[in-house]
Amino acid sequence: MGDVAVGARSGQGGEEPRGRSAGPGDPDAGHAAFSGDDGRAVEDGGVNEDGTRTDGQGPDGPEHGRPKKQQRSFWKELPILIGIALVLALLIKTFLVQAFSIPSDSMQNTLQRGDRVLVDKLTPWFGSEPERGEVVVFHDPDNWLAGEPTPDPNALQKALSFIGLMPSAEEKDLIKRVIGVGGDTVECKGTGPLTVNGKALNEPFVYPGNTPCSQDDQGGQFKVKVPEGHIWVMGDHRQNSRDSRYNTADKNQGFVPVDKVVGRAVVIAWPINRWTNLPVPDTFDQPGLNTQAQDAAALTVAPPALALAGAVPFVLWRRRRA
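Quick note: our numbering has the sequence shown finishing at residue 323, numbered continuously throughout.
Below you can see the structure in the form of structure tokens.
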């Protein structure tokens, strides 16, 4: 009987039979009628030796199977989420950005007392050094803040400052504008203008009513050459800023070691109505400001950098082809 069923199947459309012919003694003869298309029903919904269905609808299937794992409640997951957030905040503060509070008027009107700025701490990790015109935060090089009042934050403020959610209150840091870098000659005569390598600077950021240079015998008149690995910094409120000019008696002669720089202030983040970025003024981009040695150093660095930039697309193209 099974042979007839298979033969009838193969006679329709001339297709080869999918099942095999069952002989008289074939133990599978009773199943021959299920060959061909109907055989898929056995494959899709068969029964294992232990009585369970192969399509997952049996006792161990999703409908009557093992109980699903219960999700943790929100309150049990909350401490984990808070812990992850704190770790991320600490990493961001350490390697990416950090908030700082402006404690004085020395950078008016660019920065006002009480402003919160965000400082880029990432680029120094890649060997980037401060450039002229940047507003930078740096650790006190040699007791510049002597006599300044020290804030006394409470425990919560200390904790939030530690993870970077509040500006640092205990660290002795200053914020000024970079005027000269290693190899520069910076000079002030009379009331100005201030010159760098003989080029006069147009400084619209200087506090209204101030002169670029101060006429006093305490350091307002000077001519210095910045040593390599150091910067010369000045406040935008020229007649109200204790900067490099007035610290020439310290161990660094008023220069700030580059390794003391925390990073560049890039954004005023608070208050909201003062939100803005802190770009480098155009006067620091004028031609001829670099010395010959600085131009030579730039040319030395440029070819490898260009070669690297050109190699990256080629490598990516080769990887895609591979």
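Even for Gly, the Cβ is constructed at its ideal location relative to N, Cα and C.
Residue i - DSSP class collapsed to helix/strand/coil
i    : result
K261 : helix
G236 : coil
Q99  : strand
Q186 : Rather than Gln, the amino acid found at residue 186 in this sequence is Thr. The answer is strand: DSSP assigns T186 an E or B state.
F223 : strand
D174 : strand
K77  : helix
A156 : helix
N253 : coil
G84  : helix
T124 : helix
N278 : strand
T292 : coil
T212 : coil
T192 : coil
Residue i versus the options, residue with shortest Cα-Cα distance
i    : options                : result
Q240 : N248, K252, G221, P228 : G221
F127 : S102, Q287, G264, W271 : G264
P285 : D260, L202, A147, T186 : According to the sequence as given, residue 285 is Phe; it is not Pro. Comparing Cα-Cα distances from F285 to each of D260, L202, A147, T186, the minimum goes to L202.
D143 : F101, Q254, W271, G184 : Q254
N198 : V227, Y247, V259       : V227
V234 : V225, S245, K224       : S245
D1   : D218, K190, G134, V267 : Nothing in the structure corresponds to residue 1, since the chain is present only between 2 and 323.
D185 : K224, D218, N211       : K224
H238 : N211, K200, E204, A147 : N211
D141 : K77, P209, N291, D260  : D260
T277 : S74, N110, W76         : N110
Where the beta strand (DSSP E) through residue i begins and ends
i    : result
L112 : Unbroken run through L112: none, as it is neither H nor E.
F139 : 136-140
D121 : 117-121
C-beta contact flag for residue i and residue j at 8 Å
i    : j    : result
Q132 : V179 : What sits at residue 132 in the sequence shown is Glu, not Gln. Going by C-beta atoms, E132 is nearer than 8 Å to V179.
R114 : P104 : yes
I232 : V187 : no
I176 : V207 : no
Q216 : G236 : no
D121 : V267 : yes
L119 : V98  : yes
H274 : W145 : Before going further, note that residue 274 is Asn rather than His in the sequence given. No. Outside cutoff.
D218 : F101 : no
Any non-hydrogen atom of the ligand FMN within 7 Å of residue i CB
i   : result
S74 : This structure simply doesn't include the ligand FMN, nor any ligand for that matter.
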